[in-house]
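Trainee:
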């Protein structure tokens, strides 16, 4: 599978549209300034259109209105939003907020409400047609994406690391959906003795469908704990889950007693289904592919 990274392109103008009009920010305006302008506009559905380029951010970008932030070309390789600091990048607090056609890279999950290094959606929201890469998260956080009752669709989530919740996508809520995504090359690289709970996805309720999860590393050999590509947990608040038409393959889990591909941890009344999935080539020393 191609592990391509975001292309470097010179930064260019950014614009957003509201009330049927298009407003252009001066070329010396920053992405943060444009998002703040969209947040403060009276339109309930503003749109930030980002021209091809690389956009370095030095502070978390909060989207507090149902704003859509998208690349002008629709191709995530053309627009890279990244940071070199230990900060999260996008913090979507409105359920109607959307990221589309972007590459988001190198964020760091570090706050209780900003669990995801690259994207956090604690109240819902949507990530579509994006590349989410090289995110990082400390103990208790997530490298790539955290969401509660949100949607991640038609996106690639790759090469994110650390994050004891998961390097990849951490979901909460029965209405959370991860669909039509490629989730690969995510790994747990900390020097601590404990591995991660799901190298690709950790779910507390919700749906995963039509996803490809390959070549994720949950824990190097000899680690004390670790779960394969997918970890499903539940409680009375999030009692249902569905995993449908997914491929889970070539996961490495160094912890010897938990599932090489998947672990299901029941903590309360739960109704869940795993159907029409292919689970192949996953590795751990002496545990089954699926454990519970």
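Residue numbers (the working numbering): 16 to 307. The C-beta atom is built at its ideal place from N, Cα and C for all residues, glycine as well.
1) To which residues of the same chain is residue 224 closer than 6 Å at the C-beta, ignoring the five residues directly before and after it?
2) Please return the same chain residues whose Cβ sits closer than 6 Å to the Cβ of residue 169, not counting the five positions on each side in sequence.
3) Taking the alpha-carbon of residue 231 as reference, which of 296, 186, 132 has the nearest alpha-carbon?
4) From the DSSP output, which residues share a beta bridge with residue 137?
5) Have a look at 97, 98, 107, 115 and flag the residue whose alpha-carbon is nearest the alpha-carbon of residue 86.
6) Quick check: residue 161 and residue 135, are their CB atoms within less than 9 Å of each other?
7) Per DSSP, which residues does residue 118 bridge with? Please list them.
8) Mind checking residue 157: buried by the 16 CB within 10 Å criterion, or exposed?
9) Exposed or buried, which one is residue 288 when buried takes at least 16 other CB atoms within 10 Å?
10) Just the Cα atoms here: how many angstroms apart are residue 100 and residue 280?
11) So, residue 197 versus residue 229, is the Cβ gap smaller than 9 Å?
Mentor: In terms of the structure at hand:
1) Stepping through the chain shown from its first residue, residue 224 is reached at position 209. Result list for residue 224: 194, 259, 260, in chain order.
2) Here the question's residue 169 lines up with position 154 in the chain shown. Contacts found: 143, 144, 195.
3) Against the chain shown, residue 231 aligns to sequence position 216. Of 296, 186, 132, the residue nearest in Cα terms is 296.
4) One-based indexing of the chain shown puts residue 137 at position 122. Under DSSP, residue 137 shares a beta bridge with 139.
5) What you label residue 86 is simply residue 71 of the chain shown in a count that begins at 1. The shortest C-alpha separation from residue 86 is found at 115.
6) Sequence index remark: in the chain shown, residue 161 carries index 146 (1-based). Sequence index remark: in the chain shown, residue 135 carries index 120 (1-based). Cβ atoms of residue 161 and residue 135: closer than 9 Å.
7) Looking up residue 118 in the chain shown gives position 103. In the DSSP output, where bridge partners are listed per residue, residue 118 has 95, 146.
8) Locating residue 157 in the chain shown gives position 142, counting from the first residue. Answer is buried; the Cβ neighbour count reaches 16.
9) Translated into the one-based positions of the chain shown, residue 288 becomes position 273. So residue 288 ends up on the exposed side.
10) To locate residue 100, count along the chain shown from 1; it is residue 85. To locate residue 280, count along the chain shown from 1; it is residue 265. So the alpha carbons of these two residues sit roughly 35 Å apart.
11) Your numbering for residue 197 matches position 182 in the chain shown. Your numbering for residue 229 matches position 214 in the chain shown. Yes, the Cβ-Cβ distance between residue 197 and residue 229 is below 9 Å.
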